[in-house]
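Visitor: Residue numbers (my numbering): 513 to 774. Glycine is no exception: its CB is placed at the ideal position from the N, C-alpha and C atoms. One structure coming up, written as structure tokens, with questions to follow.
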């Protein structure tokens, strides 16, 4: 069980380092189906481990200059406000329904990212923030409102599903924040850390059902995986990173759906 917990955490951290959001997607299925935790307890553990690991990852990737701190903070603050509402909704929903909706959401986001892989380089459209001369999102009032709204939606889903929300934050940063995919992946870690804190506090009661050893081992594996993922990410192109994100999201969604149905 110790080895399984460490390996599960390693997979989460590796995915977080590479994709910015895939780790939070993997955490709950691994905790529920791999380690046998009850859903709400898995939600609490996922949020605290993913949040701390994301903060660690953001500090690592800040050295590359790819973290857009202002955009990450706006998304995170929107999520902090809304996460408690998501936790309340999740607490009254049947576990199987939560998992099925989670699987569908992952698959939809993954497919959308795969189909829009070419657009991730130069996001355009009426919902996208204007860019400055460096190609970075310009902090207009409309842009701040859009990013804050995206963060709030992510916060609700974070509270329900126990995810940091990177699988939504990355597309939001690309399609709304006008950020290049490599910047979106790094910046999402900041928002994930902030949103996870709020979601964990809202789910704090469930955390009492989990041993501290499980949390520490899972976190140790995740931190190690984050280091490996952050290093590997430097050698992959934007297109490859976008496709990896899509594959992780769709694959995890299919796996959860199969487990619930069968």
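1. Does the beta-carbon of residue 635 have 16 or more other beta-carbons within 10 angstroms, so that it is buried, or is it exposed?
2. Residue 643 bridges to which residues according to DSSP?
3. Could you pull the start and end residues of the alpha helix (DSSP H) that residue 695 belongs to?
4. Output yes or no for whether 8 Å exceeds the beta carbon distance between residue 753 and residue 684.
5. Rank 522, 597 and 548 by C-alpha distance to the C-alpha of residue 723 and give the top, closest one.
6. Secondary structure at residue 558, three-state DSSP: helix, strand or coil?
7. Residue 562 and residue 524 look like a contact to me (Cβ under 8 Å); what is the Cβ gap, rounded to whole Å?
8. Quick check on DSSP: helix, strand or coil for residue 577?
9. With a cut-off of 8 Å, do at least 3 Cβ pairs link the stretch 730-737 to the stretch 602-616?
10. To the nearest angstrom, how far is it from the Cα of residue 688 to the Cα of residue 567?
11. Could you have a look at residue 769 and say whether DSSP puts it in helix, strand or coil?
12. Less than 8 Å between CB atoms is the rule here; does residue 732 satisfy it with respect to chain C?
13. May I have the straight-line CA-CA distance separating residue 541 from residue 743, to the nearest angstrom?
14. By how many angstroms is the C-alpha of residue 538 removed from the C-alpha of residue 660?
15. Which word fits residue 604, buried or exposed, when buried means at least 16 other C-beta atoms lie within 10 angstroms of its C-beta?
16. Among 668, 621, 543 and 515, which has the Cα closest to the Cα of residue 593?
17. Apply the 10 Å Cβ neighbour rule to residue 725 and answer buried if 16 or more other Cβ atoms are within range, or exposed otherwise.
Guide: The short version:
1. Since pLDDT at residue 635 reaches only 45, below the 50 mark, its modelled position is unreliable, and the value read off the structure follows with that caveat. Buried, since its Cβ has 16 or more Cβ neighbours within 10 Å.
2. 649
3. 693-714
4. Cβ atoms of residue 753 and residue 684: not closer than 8 Å.
5. 548
6. helix
7. 7 Å
8. Residue state for residue 577 is assigned as coil, using DSSP reduced to three classes.
9. no
10. 23 Å
11. helix
12. Given the protein chain composition of this structure (a single chain), no chain C is represented.
13. Roughly 25 Å between the two C-alpha positions.
14. 25 Å
15. With fewer than 16 other Cβ atoms within 10 Å, it is exposed.
16. 668
17. exposed
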